[in-house]
């Protein structure tokens, strides 16, 4: 037990250090991604450091639950990848400790993190989201620092439009100034023209002081009571220097956050379910009201009429002559009637559209509350799911560092992000149910976590690249080449005489087989798909050849070793039938397009076998000659000795 306790501490320490680092990295990435979304709204506001500090603080608080799953995925994948790469995981299993026993301390830590995530979303998150939304709204509403562009009207100052023809960037002096100022109503508009000017902010940042040089002032006097000059329509003033005070609040003021408090993200689960009752009751009352109005309209427009009355009305309608009615009332009156009817129809249409939009809004509000309540649970569960994906993956791939683990983590998180956001959008737009939309990412990744954990606990080679490469090679009919190298140390020399006889026997059997089977001819489709059988001759020849190759690989003659690499790797059954299963062959044969494909594929294997056998005979002859040469050299050396 003491050894296991020390192992638990060791694993927990490795995990904890990585988790702290990866959490801050993930938090930084999410904050930067979120910041880029609002950077256009915040830039050039002249915000103080304490306001920016609050902005980043509240942003970090409500983004913490989103950073925890990704940090857990990465921090669980890296240590177990390092353990596998350094064979520490092998040593742990050799000591009789299973993978699940090694996971025990981390499971406890992850469950604690799940609880922390839920606490953040249910307690800290709503308050942080409310404060962040209020702060963001205040930052949006703050008047920007005055930076008047050239060549266009600038409306950043209340009740003023300022046009500047040219601006000196070094001195801040403005040239060709035109001001359209609204002092009260449109009747009190004033137009000010000046050759140049300077704009400065007052010390209390509540007003702007505009110094103008060499200009004129035009002001409408219609709404003003000018005694003794009632006939003067406007006032014109020429000045050499004039100072104008403009209202401009440059301070930061906190906006009202009452509207933000109604957002579902600013509420805990208890508050959400408490408000859901009120929301549903209000929605039902609106629905009943609309239903009552529709019944009233239908009663007004479709009164109870008997079949006899209907028949009489239709008969009278047939007798009505539109031309005679038009002649009696006149075209002007007729157009007024049509216009009135069209306006009433358009009004009813607009009313229905407004009611439809309002009911959609009410429905979306209810659904967003339900989605947020479920999201607090699914986001906490995702921490556990991501751990059981990352830790088994690290044990399977056995690659540490930041290379492969980061790539795999990003891919898994992208899959989770796609399903999560798709489900959220479809549930919000009432395309899917709320439960299905919010649980789809969990439902997809949970079986993946179970599968990886099962495979890692059983030492499966689910990510063995060589295994998948072999399967692909088999499907495509590809094969690898032989690679036989000369051995530096040879314990037993090959039996050249026996190998020479075996090679001659193999060549003879191949000649007999080629004459009997005619591999260049097209195969019989009946034998291919509807008869059992196996080419035992080729299989025996292949086994016999492999035995000789294994024995001759111990030779010291580099020429023989080079010739051994010329032997092809023969597929012993691919030229006989597509599959080894009888019923599968028959099924494929009955499906004409698929059967034709496999028939041509098998014919290709027969042609390849024909070439392989010719290559085997040619290589056999070469090796037999090399063995004879070696024997003659050995006998000559013996005679000389």
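In the working numbering, the protein residues as written are -2 to 638.
Just so you know, even glycine gets a beta-carbon here, dropped at the ideal spot from N, CA and C.
8 Å Cβ cutoff met for residue i and residue j
i           : j           : result
residue 452 : residue 415 : no
residue 386 : residue 70  : yes
residue 30  : residue 376 : no
residue 434 : residue 421 : yes
residue 359 : residue 280 : yes
residue 212 : residue 241 : no
residue 369 : residue 269 : yes
residue 388 : residue 84  : no
residue 191 : residue 177 : no
residue 396 : residue 78  : yes
Chain-order list of residues whose beta-carbon lies under 6 Å from that of residue i (same chain, five-residue window excluded)
i           : result
residue 417 : 438
residue 602 : 571 and 572
residue 155 : 244
residue 441 : 416
residue 612 : 565
residue 336 : none
residue 534 : 510
Neighbourhood of residue i by C-beta, 7 Å cutoff - its chain only, sequence neighbours within 5 removed
i           : result
residue 23  : 64, 67 and 68
residue 129 : 55, 56 and 59
residue 419 : none
residue 390 : 74, 405 and 449
residue 409 : 70 and 386
residue 304 : Confidence is the limiting factor: at residue 304 the pLDDT is only 48, short of 50, which leaves the residue's position unreliable, though a coordinate-based value still follows. Hits under 7 Å: none found.
residue 170 : 193 and 195
Chain-order list of residues whose beta-carbon lies under 8 Å from that of residue i (same chain, five-residue window excluded)
i           : result
residue 582 : 525, 526, 527, 574, 575 and 576
residue 569 : 532, 535, 536 and 539
residue 425 : 361, 364, 365, 368 and 434
residue 640 : Past the boundaries of the shown model lies residue 640; the chain is included only from -2 to 638, so the question cannot be answered.
residue 51  : 128 and 132
residue 8   : 76, 99, 102 and 103
residue 507 : 538, 610, 613 and 614
Residue burial classification, residue i (beta-carbon count within 10 angstroms, cutoff 16)
i           : result
residue 404 : exposed
residue 53  : exposed
residue 136 : buried
residue -2  : Confidence at residue -2 is low in this model, with a pLDDT of 42, below 50, so its placement is unreliable and the value that follows should be read with caution. Per the 10 Å Cβ criterion, exposed.
residue 592 : buried
residue 214 : buried
residue 380 : buried
residue 338 : exposed
residue 109 : exposed
residue 650 : Nothing can be reported for residue 650, as the shown portion of the chain is limited to -2 through 638.
residue 470 : exposed
residue 112 : exposed
Three-state secondary structure (DSSP) of residue i
i           : result
residue 192 : strand
residue 166 : coil
residue 517 : coil
residue 271 : helix
residue 265 : coil
residue 576 : coil
residue 234 : strand
residue 477 : coil
residue 92  : coil
residue 288 : helix
residue 427 : coil
residue 369 : helix
residue 354 : helix
residue 211 : strand
residue 544 : helix
residue 198 : strand
residue 244 : strand
residue 483 : coil
residue 455 : coil
residue 16  : helix
residue 588 : coil
residue 632 : helix
residue 327 : coil
residue 539 : helix
residue 161 : strand
residue 564 : coil
Any C-beta of chain B under 8 Å from that of residue i
i           : result
residue 551 : Reference to chain B is not applicable here, since this structure consists of a single protein chain.
Count Cβ pairs between the segment 494 to 507 and the segment 541 to 561 that sit closer than 8 Å; are there 3 or more? Yes, the segment 494 to 507 is in contact with the segment 541 to 561.
For the segment 365 to 376 and the segment 260 to 272, state whether three or more C-beta atom pairs, one from each stretch, are separated by less than 8 Å. Cβ pair count under 8 Å is three or more, so yes.
For the 8 Å Cβ check, are there 3 or more pairs between the segment 480 to 489 and the segment 552 to 562? They touch, by the three-pair rule.
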